[in-house]
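Enquirer:
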Amino acid sequence: MPIPTENVGSLPRPAYLQEAIVAYDAGVIGFDDLAAKQDEACKDSIEKMEATSSPIISDGEQRASSFATYPLTDTLGGKGLSENLAADGQYFAIFDDGHHRQLPRLTSGPFRYKTFASDYLSQSIPYATRPMKQAVIAPSMLSLLYPVDGAIDDYSREQFHDDLCDEAERDIRQAFAAGATHVSIDFTEGRLSCKGDSRNPWTGRNMLAFFIELNNRVIDRFSAEERKVIGVHTCPGGDSDSVHSAEVDYAELLPSLFKLNAGYFLIQVASEADKDHVYRLIGEHLREDADGIAQIAYIGVTDPLNPTVETAEQVRDTLLRASRFVDKHRLGATDDCGFSPFSTDTKPRHGSTDHARDVAFAKIASRVHGAAMASEILGL
Ligand SMILES: [Zn+2]
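Using my numbering, the letters of the sequence shown map in sequence onto residues -7 to 372.
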């Protein structure tokens, strides 16, 4: 079987969609007008991703407020925020360029998703002629909605975790029911949990073990056959062409990450300074038997934060190098991250969001063609 390859999920929103989001937040246009633009952007994303010959595609998350907040709010400006949430939650991340992203705060129980990923997928799938994947948010990220210290009246942390796991399971099951071939769980907070950023207190509380346990509570509800097509994405963040935890050594994360009983992993590597170090860690810790399935490592071969397009030959060589450390039968190819996990990303290093879209499709095409070239050389 040739080296499998898939994207993480998101694409930059075209300028017309970003303008529509601003107009909707300002009350200038209604939701139907915004939804029409989102629909147009999803259709365009699917057509352009299919044109890259990618074997599996996504709609670029053009309807989502962000990879993490889609279950909670319609826009990052706060339109459509769920009733039992307040906007003033803790920082999710403080990025290297100084900007930050904030989560809402849970004010009362019970916790329920307002929107499931399948609500978006079911609208997009009629446009696709190739298999579609769907990304969902990890329960570990949404666990940060509950105050890190203290408790919510009449709604214990334990009850919240029970509800959260039920909703996260439903999110994955419904995505498969809506037609997703693969479902990948975004877990960017894994690496960030090893950072110890004093400006962002939750990152200094050694939460990684808890995150792994919580996510496995959901993943373990699926059969081995189902888990083969459930993935997990790790990265040091990717927003406004900046990162939040690239300085954390993967040695702190990967041995724990592969304890997740998922079938495959989408791992940022292209932007790492020492790629061999990461390949070696993957080769050592990727599990041959994760409760009945052999894990596959999709290596990041393109960098969505860098406007320079990798060539197919560079992708081929990256994968050939990685195959010296990771069994070629358990090697895949991906992008380092979603190309725009947050809807309001202006892609400053790219100059414009429309140009960033073109760059993203060019990078995806290089990944697909480079993976095919490497497969041929490796006899796969
Ligand atoms: Zn990412």
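Every residue, glycine too, gets a C-beta built ideally from N, C-alpha and C.
#1: Got a sec, what are the start and stop residues for the beta strand (DSSP E) G275 sits in?
#2: My understanding is that I144 touches S100, with C-beta atoms under 8 Å, so please give their C-beta distance in whole angstroms.
#3: Around the C-beta of E428, are 16 or more other C-beta atoms found within 10 angstroms, so that it is buried, or is it exposed?
#4: If I follow the unbroken beta strand (DSSP E) through D346, where does it start and stop?
#5: Am I right that S237 and R183 are in contact with their C-beta atoms under 8 Å? What's the rounded C-beta distance?
#6: What number of angstroms, rounded off, separates the C-alpha of D178 from the C-alpha of D158?
#7: For F214, which three-state DSSP category applies?
#8: Taking just the CA atoms, how far does S315 sit from N76?
#9: Less than 7 Å between C-beta atoms, sequence neighbours within five positions excluded: which residues of the same chain meet that for K187?
#10: A85 and R97 - do their beta-carbons sit closer together than 8 Å?
#11: Classify A12: buried if its beta carbon has 16 or more other beta carbons within 10 angstroms, exposed otherwise.
#12: Could you check what DSSP says for L184 in three-state terms: helix, strand or coil?
#13: Which parts of the stretch 60 to 124 are runs of the alpha helix (DSSP H), unbroken and 4 residues or longer, counting only runs that do not cross its ends?
#14: If you drop the 5 nearest sequence neighbours on each side, which residues of the same chain put their C-beta closer than 8 Å to that of A254?
#15: Would you report the Cα separation of D266 and A289, rounded to the nearest angstrom?
#16: Please tell me whether, using a cut-off of 7 Å, the distance from the CB of T44 to the nearest non-hydrogen atom of ligand 1 is below it.
#17: Return the chain-ordered list of same chain residues with a C-beta closer than 6 Å to the C-beta of T65, the five sequence neighbours on each side being excluded.
#18: Per DSSP, which one or two residues make a beta bridge with A143?
#19: Hey, how far is the Cα of I204 from the Cα of D189?
#20: Verify the CB distance criterion: does M133 have a CB-CB separation below 8 Å to chain C?
#21: Going by beta-carbon coordinates alone, are P4 and R349 separated by less than 8 Å?
#22: Do you know offhand how far S358's Cα is from T(-3)'s?
#23: Secondary structure at I204, three-state DSSP: helix, strand or coil?
#24: Once DSSP output is grouped into helix, strand and coil, what is the label at S237?
#25: Does the Cβ of H342 have 16 or more other Cβ atoms within 10 Å, making it buried, or fewer, making it exposed?
#26: Ligand 1 and V128: does the residue's C-beta get closer than 7 Å to at least one heavy atom of that ligand?
#27: List the residues that DSSP assigns as beta-bridge partners of A127.
#28: If we call anything under 8 Å between Cβ atoms a contact, is I48 one with H174?
Expert: According to the structure data:
#1: Looking at the DSSP string, G275 is not in any beta strand (DSSP E); the run it does join, the alpha helix (DSSP H), is K267 to H277.
#2: 6 Å between Cβ atoms; contact.
#3: Because the chain spans -7 through 372 in this model, residue 428 falls outside it and cannot be assessed.
#4: No beta strand (DSSP E) holds D346; the alpha helix (DSSP H) holding it covers T345 to L370.
#5: Indeed, because the Cβ distance is near 5 Å, the residues count as touching under 8 Å.
#6: 17 Å
#7: coil
#8: 48 Å
#9: T195, S237 and V240
#10: no
#11: buried
#12: If DSSP states are grouped into helix, strand and coil, L184 belongs with the helices.
#13: 109 to 116
#14: I177, I211, R219, I222, G223, V224, A282 and Q287
#15: 17 Å
#16: Look at T44: its beta carbon is at least 7 Å from all of the heavy atoms in ligand 1.
#17: Result list for T65: S57, G72 and L73, in chain order.
#18: Answer by DSSP bridge pairing: none, since A143 is not bridged.
#19: Taking the straight line from one Cα to the other gives about 20 Å.
#20: Protein chain content of the structure displayed is limited to a single chain, and chain C is not contained in it.
#21: Yes, the Cβ-Cβ distance between P4 and R349 is below 8 Å.
#22: 11 Å
#23: helix
#24: coil
#25: buried
#26: Ligand 1 never approaches V128 closely enough for any of its heavy atoms to be under 7 Å from the residue's Cβ.
#27: Per DSSP, S176.
#28: Annotated as proximal: I48 and H174, with beta-carbon spacing under 8 Å.
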